[in-house]
Amino acid sequence: MLAKRIIPCLDVKDGKVVKGVQFRNHELIGDIVPLAQRYAEEGADELVFYDITASADDRVVDKSWVTRVSEVIDIPFCVAGGIKSEEDAARILEFGADKVSINSPALADPSLINRLSAKFGVQCIVIGIDSYFDEDEQEYKVYQFTGDETRTQATKWTTFEWIKEVQKRGAGEIVLNVMNQDGVRCGYDTVQLSKARKICHVPLIASGGAGEMHHFNSVFKEADVDGALAASVFHKQIINIQELKNYLKDQDVEIRTC
Amino acid sequence: MANAKTGIVIIDTGCANLSSVKFAIERLGYQVSVSKDKNVLTSATKLFLPGVGTAQEAMQNLADRELIELVKSLTQPVLGICLGMQLLAEFSSEGNVATLGIIPGTIDPMSAENVRLPHMGWNTITANDGHPLFKDIPDNSYFYFVHSYALTVGSDTIATSVHGQPFTAAVNRDNFYGVQFHPERSSAAGQQLIKNFLEM
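Residue numbers (my numbering), protein chains in the order written: chain A, 4 to 261; chain B, 588 to 787.
Next up, the structure:
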């Protein structure tokens, strides 16, 4: 059976791994390659690297570290950040990434999703969605440029309409990041993710809010997501990936233990 | 005498993402080159046929490089990976394109009923007892898959997996081997499989 995936996310800024709280106040975590290697050895199923400065600063992610990661890592990894064209994506894939994740540029030009999936196959194309629950309007909304506080803004899309749209255009996987939960470690938004699951026919990855091992159990059981992404709990060694996977296996979640 | 750790060649299919296969081979201490040169390919000791993208694009790239007949005539061990495995079959309904025809069967869309596509992630396989490609790989090991099309289980199937329904996870006919998963991204089990192929 297909296993549920545990996916550490490494936010990259200026070539180093950082982590902020609710996308703000980034603190330095460490070097990319040793962290990536540690996660692979602990049993991570996949890694995601977000160059959080890239879209906001109008530049492509520095590529040299993609090759350095690919040289040492024997699990799949995905690179996100500033990929705006077929050329950008081709470069990242040539350097050894397995997938590219597109967020703000897809909102600026949705046809980019069609072009990328036609050229590289849907399996390479991940769409990242930053979703914020607007309490006043009681609506889930898509935000863009979330890497830069001064440019972060709501888009015209509701989260669920955008999820439908990106699938039509050729998304091979969706990472739904719930901004209200990001970095606060109170658990995944299983309500929103369950709603997303009903309309999402490609793999769906939960992001934002992991704090304790039972949060992973809940999001797999309640929202039936295909993978759960987390950052700070792994960086700060609050949760050990191997222990997490043993725990989930005990909870009868289909999981790859090493 | 040729050094057994040289002469390994990745066939340059023109697809992106050849480097992850290259790095995986290098991690095992082997030298490997990427080539579309006919002399290099025919004199290789082991060949890898990787592939990411669509069957149509990959076959077009092989045709442009005049490599179709050459690949079919290879007598050394060849390992097709993912799309590279699918190219070994007769026909792919992804783009309705004739493929190499080395292994009987066609590549068809996976059943989408109650399963999510692409089939993406780690899945277990069941390999034929004692097949050398799966030497020292425990039963029910997980491998990393990413695909939406698959080869139906047939007489050349040497390992199966299930996503909605059973499909060919690995195949072998004569000197041609193929794996639907990505051994270069399948952690220890994948590394063992590549090692087994290189040591054949």
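All residues carry an ideal CB built from backbone N, CA and C; glycine is no exception. All values reported here derive from a predicted model rather than from experimental measurement.
For Leu-670/B, the three-state secondary structure derived from DSSP is helix.
Per the coordinates, the alpha-carbon of Leu-628/B lies some 27 Å from the alpha-carbon of Val-75/A. The DSSP assignment places complete alpha helix (DSSP H) segments of no fewer than 4 residues inside the segment 617 to 700 of chain B at 625 to 629, 642 to 651, 655 to 660 and 670 to 674, in order along the chain. With contact defined as three or more Cβ pairs closer than 8 Å, the segment 735 to 750 of chain B and the segment 775 to 785 of chain B are not in contact. Following the DSSP letters along the chain, one finds Met-707/B in no alpha helix (DSSP H) but inside the beta strand (DSSP E) bounded by residues 706 to 711. Taken through DSSP and simplified to helix, strand or coil, Tyr-736/B comes out as strand. Taking 8 Å as the threshold, the shortest C-beta distance from Val-178/A to chain B does not fall below it. For His-769/B, the secondary structure class from DSSP, reduced to helix, strand or coil, is coil. Of all residues in the segment 92 to 122 of chain A, only Ala-93, Leu-96, Glu-97, Phe-98, Gly-99 and Asp-101 place a beta-carbon less than 7 Å from a beta-carbon of chain B. The beta carbons of Val-125/A and Ser-735/B sit about 7 Å from each other, so the pair counts as a contact at 8 Å. Of the candidates Thr-600/B, Leu-636/B and Asn-727/B, Thr-600/B places its Cα closest to the Cα of Arg-652/B.
For the pair Val-103/A and Ile-128/A, the CB atoms are nearer than the 8 Å cut-off. Spatial neighbours of Tyr-250/A in its own chain (CB-CB distance under 7 Å, excluding positions within 5 residues in sequence) are listed in chain order as Met-216. Between Thr-158/A and Thr-149/A, the CB-CB gap reaches or exceeds 8 Å. Taking C-beta separations shorter than 6 Å and ignoring five residues to either side along the sequence, the partners of Lys-87/A in its chain run Pro-108, following chain order.
In the DSSP assignment, the residues bridged to Lys-102/A are Cys-81/A. Interface flag for Arg-259/A against chain B is set, since a Cβ pair is found closer than 8 Å.
When DSSP states are grouped into helix, strand and coil, Tyr-250/A belongs to the helix group. Residues of the segment 694 to 727 of chain B whose Cβ lies closer than 9 Å to any Cβ of chain A, in chain order: Ala-699, Val-702, Arg-703, Leu-704, Pro-705, His-706, Met-707, Gly-708, Trp-709, Asn-710 and Thr-711. Here Ser-698/B is near Gln-752/B, since their CB atoms are less than 8 Å apart. Contact annotation for Leu-38/A against chain B: no contact, minimum CB-CB distance about 17 Å [criterion: below 9 Å].
One thing to note: Ile-595/B has its Cβ no nearer than 8 Å to the Cβ of Val-621/B. Put simply, the CB of Val-758/B is far from chain A, with every gap to its CB atoms at 8 Å or more. Considering only beta carbons, the part of the segment 126 to 158 of chain A lying closer than 8 Å to chain B consists of Gln-126 and Cys-127, in chain order. The beta carbon of Phe-80/A sits closer than 8 Å to those of Ala-39, Glu-49, Leu-50, Val-51, Phe-52, Val-72, Ser-73, Ala-100, Asp-101 and Lys-102, all from its chain and outside the five residues before and after it, given in chain order. Interface criterion met: the Cβ of Val-205/A is under 8 Å from a Cβ in chain B. In this structure Asn-762/B does not touch Thr-632/B by the C-beta definition: roughly 12 Å separates them, more than the 8 Å allowed.
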